[in-house]
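Undergrad: Residue numbers (the UniProt record's numbering): 1 to 102.
(1) If we ignore side chains and look at the alpha-carbon of each, how far apart do residue 64 and residue 40 end up?
(2) Taking residue 52 as part of the alpha helix (DSSP H), name the residues at either end of that continuous run.
(3) Are the CB atoms of residue 30 and residue 96 nearer to each other than 8 Å?
(4) When DSSP labels each residue in this structure, what does residue 100 get in the three-state scheme?
(5) Rounding to the nearest angstrom, what Cα-Cα distance links residue 45 and residue 71 in this structure?
(6) Along the chain, where does the beta strand (DSSP E) containing residue 27 start, and where does it finish?
(7) Residue 32: which of 69, 78, 61 and 82 sits nearest, CA to CA?
(8) Please classify residue 17 as buried or exposed, where buried requires at least 16 other C-beta atoms within 10 Å of its C-beta.
(9) My output table needs one value for residue 90: the three-state DSSP class, helix, strand or coil.
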């Protein structure tokens with residue numbers, strides 16, 4: 001069961017009279033895991049923190065996450081959202097896969 005799960009982030013840089021707002025919509029593939037090698041794997045309390053970690057690592061091309069719901073495992077991935085990534089998806093009842101959808 002695939003769902004769109006809009007997630008918006010607000011990032012503010014304090015510069016001399018300047019700020020930046022960035023919106024990153026994510027598509028959710030429920031009960032699905034991407035088989036790619038994670039750039040980083042960490043444990044966090046909830047999905048929002050996992051997605052935030054990906055946002056903080058945009059410089060290493062983090063574009064997707066595997067969120068393991070039962071353990072809090074957050075796997076940050078570099079997946080091209082514009083190519084067919086479905087070949088690397090498998091069914092996994094404990095994991096949700098999120099990828100940028102813009």
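Backbone N, C-alpha and C fix where the C-beta goes; we use that ideal spot for every residue, glycine too. All figures in this text were calculated on a predicted structure; none of them were measured in a lab.
TA: Quick look at the numbers:
(1) Here residue 64 refers to the residue found at position 64 when the chain shown is read from its first residue. Here residue 40 refers to the residue found at position 40 when the chain shown is read from its first residue. If you take the alpha carbons of residue 64 and residue 40, they lie about 11 Å apart.
(2) Sequence index remark: in the chain shown, residue 52 carries index 52 (1-based). Element bounds for residue 52: 47 to 56.
(3) Locating residue 30 in the chain shown gives position 30, counting from the first residue. Locating residue 96 in the chain shown gives position 96, counting from the first residue. Yes. Within cutoff.
(4) Against the chain shown, residue 100 aligns to sequence position 100. Of the three classes helix, strand and coil, the one that applies to residue 100 here is strand, per DSSP.
(5) Residue numbering aside, residue 45 sits at position 45 when the chain shown is read from its first letter. Residue numbering aside, residue 71 sits at position 71 when the chain shown is read from its first letter. Residue 45 and residue 71: Cα-Cα distance of roughly 9 Å.
(6) Walking along the chain shown from the start, residue 27 turns up at place 27. Residue range 26 to 29 is occupied by the beta strand (DSSP E) that includes residue 27.
(7) Stepping through the chain shown from its first residue, residue 32 is reached at position 32. Ranking 69, 78, 61 and 82 by Cα distance to residue 32 puts 69 first.
(8) As a working mapping, residue 17 is identified with position 17 in the chain shown. Interpretation of residue 17 is limited by its pLDDT of 46, a score under 50 that renders its predicted location unreliable; the figure taken from the coordinates is listed afterwards. Exposed, by the Cβ-count rule.
(9) Locating residue 90 in the chain shown gives position 90, where the first residue counts as 1. It is a strand residue.
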